[in-house]
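**Student:** Residue numbers (our numbering), protein chains in the order written: chain A, 707 to 993; chain B, 5 to 140; chain C, -18 to 118.
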Amino acid sequence: MKQDISKLLQKKRKNILEDWMNSQLADAGLREDLMSNDELREQSAELLDSLLKGITEKNLTDFNAEAFAPVYEILSGISISRARQGFSPRETGVFVFSLKDALLKTLVTELQNDQETLMQALVTINKLLDNLGIITFETFIKGREEVILRQTDEIAEISTPVIQVWDGILALPIIGTLDSARTQVVMENLLQHIVETGSTIAILDISGVPAVDSLVAQHIIKTVAATRLMGAECIISGIRPEIAQTVVHLGIDLSNIMTKATLANALKHAFSMLRLDVKRIQKEKEK
Amino acid sequence: MDRIPILRMGKFLLVTIQIDLYDRLATNLETDLVYMVNKTGAKGVLIDISALSIVDSFMGRILGNIGSMARIMDAETVVVGMQPAVAITLVELGLELKGVHTALNVEKGMELLRNKIKDLDYEEEDEIEANEDSTE
Amino acid sequence: MRIVLNKDTMKIEKEQDVVPFRNRVKEYAVKIGMSVVNQTKLITAASELVRNMLKYANGGITVIEVISEGRNSGIRLTFVDKGPGIKDIALAMKDGFSTGKSLGLGLPGAKRLVNEFEIKSSVGEGTTVSIIKWKNG
């Protein structure tokens, strides 16, 4: 006589939940600082209920069965929120894998007289829970990736300040590598400020750019070209000796671009372009 | 047939493009402007494209052409008010607008034209009066 | 997986159709929240391709689609004409090459402005160009 595993598990729901909670609470990785035990119990109960509601004798081996959709959904939600809250992968994994322990324990106790069914049940439940484990990690990593993407956006946003150094002169210190996405942000930012402030000279300081290869140079040339199309002039400053060397060795032609060694030199040049004169005030001589 | 109006202001011709152009309109503008430069003896052409949301290779070529044609008729051309997004797109497209000067806005464009002309000629100061032709 | 959310077809027969077409593309781009720069790039590319269609094939059909893939959404434009077709696509995609008297920036330029560019053509049957511009990219 074969017993229906799904029915059996449903009947033992309370025991399973208790076992599961106990093993979670006993785990060294319990994060009471991130989530209260009540909240944990609530999450656990929700997942277990949806799982027990979903399984039937037939779909136990079919992970894609429709009945599992809510289970996956709840699990994904939990994993993502854990990723955001700062749980480690191990702590997130323990959540699902301790459920497996609880389920298996129940099966072993209940089916100890029916070795054959027990064997089969162990294998199926193992597979099912492993699948849930995989989903947990997939969504956990996705959650982390979202965090990273958001941070990338933020970094791109904050790392390209445009400074108005004088009436009609903008300076833009670039720090870090210039890739094409970054160049786009820099260019947009710079051109927008040129329009807003009506500036005619922009100084692009690249002393914070670790290396200039032909691709980076290409991006700089593009930025200069776009600035000129708008009707402003662009000076590149902060050409360090190493940069000068690589530029020449790579055969990059910067002859159409105004370049200066330092931001100060560029500013001086900008002043002369605007026909401004900076002078030290002479102390009035006593007669 | 639709036409873009060309205004005359002293030694300069002013064009403000207020609508997105289809190709025929742009070609007409090129022809009209060259004729106007000839007829009025204008020394400078100012084209305001601040209302243009896109400039593609055709429009870019027309602007370049106007600049080159005006230059061999002894007039300088300045394109003013290009939108940042348009400038970025033109660079990506690979178009440089050779033959025309650029300026941020009409005011700066006029200043640039005046300086250019001051550099070029120093004698003719007497032609602002007389021939008040209409634009058509 | 790519899902098409919205689809619109426009016939291009004469030059005056180009401006309404560009406006329609813009409408869709604005609707999905594309940045102004990306909008401009997309519309410029569209303008180049529509011009080619008018010039070499006397017009054709354009399809505007809003597509989404994962968390990213974008616009796909397809240009179908029944013109003479392109003999050597590799050559046509080279900067500065033109059989007409233009700058030869149309096809290669359009490709640089978008994220994905696909061209199919057979001589005597016509040309289909399909481009995608993602909202973030």
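No residue lacks a Cβ here, since even glycine has one placed at the ideal position from N, Cα and C.
Keeping to the same chain, check which residues put their C-beta closer than 6 Å to that of C:Val44; ignore five residues upstream and five downstream.
**Tutor:** Thr(-10), Thr59
**Student:** Could you work out which residues of chain B lie near A:Arg934, taking near to mean beta carbons separated by less than 8 Å?
**Tutor:** Thr106
**Student:** Given B:Asp27, which residues of its chain have a CB within under 7 Å of its CB, disregarding the five upstream and five downstream residues?
**Tutor:** Within the same chain, B:Asp27 has close Cβ partners Phe62.
**Student:** Name the DSSP bridge partner or partners of C:Glu50?
**Tutor:** C:Arg(-17), C:Asn53
**Student:** Kindly indicate the opening and closing residues of the alpha helix (DSSP H) around A:Lys811.
**Tutor:** 795 to 816
**Student:** Could you pull the start and end residues of the alpha helix (DSSP H) that B:Ser61 belongs to?
**Tutor:** In the DSSP assignment, B:Ser61 falls within the unbroken alpha helix (DSSP H) covering 61 to 76.
**Student:** Does the beta-carbon distance from A:Leu884 to A:Val922 come in below 7 Å?
**Tutor:** Annotated as proximal: A:Leu884 and A:Val922, with beta-carbon spacing under 7 Å.
**Student:** Applying the 10 Å Cβ sphere with the 16-neighbour rule, what's the burial state of B:Lys43?
**Tutor:** exposed
**Student:** For C:Val143, return the contacting residues in chain A, with the cut-off set at a CB-CB distance below 9 Å.
**Tutor:** Since the first residue shown for chain C is -18 and the last is 118, residue 143 of chain C is missing from the structure and cannot be characterised.
**Student:** Along chain B, in chain order, which residues have C-beta atoms closer than 7 Å to that of C:Val0?
**Tutor:** Asp24, Tyr26
**Student:** Taking C-alpha atoms, which residue in B:Leu99, B:Thr93, B:Arg12 lies nearest to B:Asp36?
**Tutor:** B:Arg12
**Student:** Is the beta carbon of B:Leu101 sitting closer than 7 Å to the one on B:Leu67?
**Tutor:** yes
**Student:** Can you give the Cα-Cα distance for B:Pro88 and A:Glu738, rounded to whole angstroms?
**Tutor:** 52 Å
**Student:** Sorted by chain position, which residues of the same chain lie with C-beta nearer than 8 Å to A:Ala938's C-beta, five sequence neighbours on each side aside?
**Tutor:** Ile900, Ser905, Thr906, Ile907, Ala908
**Student:** Under DSSP, the alpha helix (DSSP H) around A:Ser712 begins and ends at which residues?
**Tutor:** Its alpha helix (DSSP H) spans residues 711 to 717.
**Student:** With distances taken from CA atoms, which of C:Leu88, C:Leu35, C:Leu(-14), C:Val(-1) is nearest B:Leu97?
**Tutor:** C:Leu88
**Student:** Report the neighbours of A:Glu894 on chain C: residues whose CB is nearer than 7 Å to its CB, in chain order.
**Tutor:** The contact set of A:Glu894 on chain C, defined by CB atoms closer than 7 Å, consists of Val18 in chain order.
**Student:** Kindly indicate which three-state DSSP category A:Val922 falls into: helix, strand or coil?
**Tutor:** helix
**Student:** Mind checking which residues open and close the alpha helix (DSSP H) that includes B:Leu33?
**Tutor:** Element bounds for B:Leu33: 27 to 44.
**Student:** Out of C:Val(-1), C:Gly41, C:Ser49, which has the shortest C-alpha to C-alpha gap to C:Val110?
**Tutor:** For C:Val110, the nearest C-alpha among the options comes from C:Gly41.
**Student:** Starting from B:Glu96, find everything on chain C with Cβ-Cβ shorter than 9 Å and list it in chain order.
**Tutor:** Lys22, Thr25, Gly90, Arg93, Leu94
**Student:** Would you mind giving the Cβ-Cβ distance between A:Met893 and B:Met86, rounded to the nearest angstrom? I have them listed as a contact below 8 Å.
**Tutor:** The Cβ separation is near 13 Å, so there is no contact.
**Student:** With a threshold of 16 other CB atoms inside 10 Å of the CB of B:Gly64, please say whether the residue is buried or exposed.
**Tutor:** buried
**Student:** Specify whether the segment 102 to 116 of chain B and the segment 953 to 970 of chain A touch according to this definition: at least 3 beta carbon pairs, one from each stretch, less than 8 Å apart.
**Tutor:** no
**Student:** Roughly how many angstroms lie between the CA atoms of A:Arg946 and A:Leu969, to the nearest whole one?
**Tutor:** 11 Å
**Student:** Relative to the alpha-carbon of A:Ala734, which residue among A:Asn819, A:Thr798, A:Asp755 has its alpha-carbon at the smallest distance?
**Tutor:** A:Thr798
**Student:** Per DSSP, A:Trp872 forms a beta bridge with which residues?
**Tutor:** A:Ile875
**Student:** Which first and last residues belong to the alpha helix (DSSP H) in which A:Thr889 is found?
**Tutor:** 886 to 903
**Student:** Which same chain residues, not among the five before or five after C:Gly64, have their C-beta less than 8 Å away from its C-beta?
**Tutor:** Met34, Tyr37, Ala38, Asn39, Gly41, Gly107, Thr108
**Student:** Taking the C-alpha atoms as reference points, what is the distance between B:Ile53 and C:Val6?
**Tutor:** 21 Å
**Student:** Any contact of the segment 798 to 811 of chain A with the segment 832 to 851 of chain A, i.e. 3+ C-beta pairs under 8 Å?
**Tutor:** Proximity of the segment 798 to 811 of chain A to the segment 832 to 851 of chain A meets the contact definition, three or more beta-carbon pairs being nearer than 8 Å.
**Student:** Would you list the residues sitting across from C:Lys101 in a DSSP beta bridge?
**Tutor:** C:Thr109
**Student:** Report yes if the CB atom of C:Val17 is closer than 7 Å to the CB atom of C:Ile(-7), and no otherwise.
**Tutor:** no
**Student:** Can you tell me which of B:Pro9, B:Val84, B:Leu99, B:Lys47 puts its alpha carbon nearest to the alpha carbon of B:Ala55?
**Tutor:** B:Val84
**Student:** Which word fits C:Gln20, buried or exposed, when buried means at least 16 other C-beta atoms lie within 10 angstroms of its C-beta?
**Tutor:** buried
**Student:** Do three or more CB pairs link the segment 747 to 759 of chain A to the segment 717 to 727 of chain A at distances below 8 Å?
**Tutor:** yes
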